[in-house]
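> One structure, pasted below without further comment.
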Amino acid sequence: MEPEEKIEFTKFTDREKVKFKKELLIYLFFLIISVILWYLIALSKDYTTTINYPVTYENFPKGKVLVSDLPEELNLQVKGFGFTILKHKIFSFFYPISLPINKFRLDIVRKDNQYDYFLLTRYAKDWIGNQLGTEIQIIEVKPDTLLFKFTDVIDKKIAIKPLLNLQFGKQYLSFNNIKVQPDSIVVSGPEVMIDTLSYVYTKELKLKNVKDSVVQELELMPLKKFIFQLEKVKVTVPVEKYTEKAINIPIEADNVPEGYDVKTFPGTIKLSCWVGISNYDKLAPYMFRAMVDYNTLSANPQSKLKVTLVKYPHNIQNIRFYPKSVDYIIEK
Numbered sequence: 159m160e161p162e163e164k165i166e167f168t169k170f171t172d173r174e175k176v177k178f179k180k181e182l183l184i185y186l187f188f189l190i191i192s193v194i195l196w197y198l199i200a201l202s203k204d205y206t207t208t209i210n211y212p213v214t215y216e217n218f219p220k221g222k223v224l225v226s227d228l229p230e231e232l233n234l235q236v237k238g239f240g241f242t243i244l245k246h247k248i249f250s251f252f253y254p255i256s257l258p259i260n261k262f263r264l265d266i267v268r269k270d271n272q273y274d275y276f277l278l279t280r281y282a283k284d285w286i287g288n289q290l291g292t293e294i295q296i297i298e299v300k301p302d303t304l305l306f307k308f309t310d311v312i313d314k315k316i317a318i319k320p321l322l323n324l325q326f327g328k329q330y331l332s333f334n335n336i337k338v339q340p341d342s343i344v345v346s347g348p349e350v351m352i353d354t355l356s357y358v359y360t361k362e363l364k365l366k367n368v369k370d371s372v373v374q375e376l377e378l379m380p381l382k383k384f385i386f387q388l389e390k391v392k393v394t395v396p397v398e399k400y401t402e403k404a405i406n407i408p409i410e411a412d413n414v415p416e417g418y419d420v421k422t423f424p425g426t427i428k429l430s431c432w433v434g435i436s437n438y439d440k441l442a443p444y445m446f447r448a449m450v451d452y453n454t455l456s457a458n459p460q461s462k463l464k465v466t467l468v469k470y471p472h473n474i475q476n477i478r479f480y481p482k483s484v485d486y487i488i489e490k
């Protein structure tokens, strides 16, 4: 049986390791220099390419509002040195093209209260070129046509609704009406769209562990194609500590025919609710109405009448009452 061959691994000395690292660093250095030189040579040449440039539109006709969607970018076919093209591709996001509509020749078509403006983008080449500078040449702009649909602007007063996400501290709540100042604003917008607008909303306010009344200036949520009279409103949310109160409310009968009387057993409901401490002593039975409806008997005779709470103050919460239905007798 032949003896097994032993594989021997070469062991590098510390001096050889240092020499290898130096040679590797020198190789990487010259590799990086070569890559940089190659890029510099490449970027010094002329190229033709396409750059997607963001665009903003300005100076619309007075008394008109835009109702069509416009492209957010223009595709520019350009020619220039590699350095220049690279710079524009990197920084185009920060320096959008501005197109003031009143500076260009427009074709206009009117249909009732709507106005259609057509801009051939070839007429805007020089204007765009002045913004990009002389180092780059614009060959073509796409899309070749921009369509602006305008309609007459009308004003309408719209109510403001705050978006609130409040988490109250233990034993604290808001009982009174939330106040918004002003509670409505004049909104300008296209006639075909403004009639569908019921509210203008604020941006959401999120707060945790609220134990004091909240007074905040909130920005209005912007709406595309609408102009607001102002940008902020003052919102006040009264907050106070609450407690529970129990109260007896007499039961009344509704829709009882003349000459008849309905008596319920029991004659009252026991109601409990949460009320702010400042209103605890003010809460009284006359602020509530508990009703049974005689008409439900003629439609569906039954042994008990359902009790409905038809009136209660708005500065209470977590209302509970019993019984929900009561026995009754009808007397002539």
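In this note's numbering, the protein residues as written are 159 to 490. From the three backbone atoms N, C-alpha and C, an ideal C-beta is built for every residue, glycine too. Just so you know, these numbers come straight off a predicted model, no measurement behind them.
Note the first and the last residue of the continuous alpha helix (DSSP H) segment covering Ser456.
Counting along the chain, the alpha helix (DSSP H) containing Ser456 begins and ends at Asn453 to Ala457.
> Pull up the distance between the alpha-carbon of Ser456 and that of Tyr418, whole angstroms please.
Each residue's alpha carbon lies about 14 Å from the other.
> Helix, strand or coil for Phe241 per DSSP?
If DSSP states are grouped into helix, strand and coil, Phe241 belongs with the helices.
> Determine the burial state of Ile407: buried for a count of at least 16 other Cβ atoms within 10 Å of its Cβ, exposed for fewer.
Classification of Ile407: buried, given that the 10 Å Cβ count is 16 or more.
> Among Ile477, Leu355, Pro301 and Pro424, which has the Cα closest to the Cα of Ser342?
The option with the nearest alpha carbon to Ser342 is Leu355.
> Only counting the same chain, and skipping five residues up and downstream in sequence, which positions put a Cβ closer than 8 Å to that of Met159?
Note that Met159 scores a pLDDT of 48, beneath 50, so its modelled location is shaky and nothing firm can be said.
> Closer than 6 Å by C-beta to Ala404: which residues in its own chain qualify, once you throw out the five before and the five after it? Chain order, please.
Same-chain partners within the cutoff: Ser430.
> Tell me, which residues are paired with Val450 by DSSP?
Looking at the DSSP assignment, Val450 forms a beta bridge with Ala411.
> From which residue to which residue does the alpha helix (DSSP H) around Asp284 run?
Lys283 to Leu290 is the extent of the alpha helix (DSSP H) around Asp284.
> Give the DSSP-derived three-state secondary structure of Ser371 in the structure shown.
Ser371: coil per DSSP, three-state reduction.
> Using only CA atoms, which one of Phe218, Leu228, Glu216 and Leu244 lies nearest to Thr207?
Closest by alpha carbon: Leu244.
> Going along the chain, which residues of its own chain have a beta-carbon closer than 6 Å to the beta-carbon of Ile294, five neighbours each way excluded?
Once the five neighbours on either side are set aside, the close Cβ partners of Ile294 are Val236, Gly238 and Thr242.
> Please report the straight-line C-alpha distance between Lys319 and Gly347, rounded to a whole angstrom.
Roughly 19 Å between the two C-alpha positions.
> Can you say whether Val344 is buried or exposed, counting buried as having 16 or more other CB atoms within 10 angstroms of its CB?
So Val344 ends up on the exposed side.
> Given that a residue counts as buried once 16 or more other Cβ atoms are within 10 Å of its Cβ, and exposed if not, what is His246?
Per the 10 Å Cβ criterion, buried.
> Please report the Cβ distance between Leu378 and Val391, rounded to the nearest whole angstrom; I am assuming they are in contact, meaning their Cβ atoms lie under 8 Å.
Between Val391 and Leu378 the Cβ distance is about 7 Å, and since that is below 8 Å, they are a contact.
> Grab the span of the beta strand (DSSP E) containing Glu489 for me, first residue to last.
Where Glu489 is concerned, the enclosing beta strand (DSSP E) stretches over Ser483 to Glu489.
> Assuming Gly434 and Tyr400 form a contact by the criterion Cβ under 8 Å, report the distance between their Cβ atoms to the nearest whole angstrom.
Correct: roughly 5 Å between the Cβ atoms.
> Based on Cα-Cα distance, which residue from Ile474, Pro459 and Glu362 lies nearest to Lys440?
The residue with the shortest Cα to Cα distance from Lys440 is Ile474.
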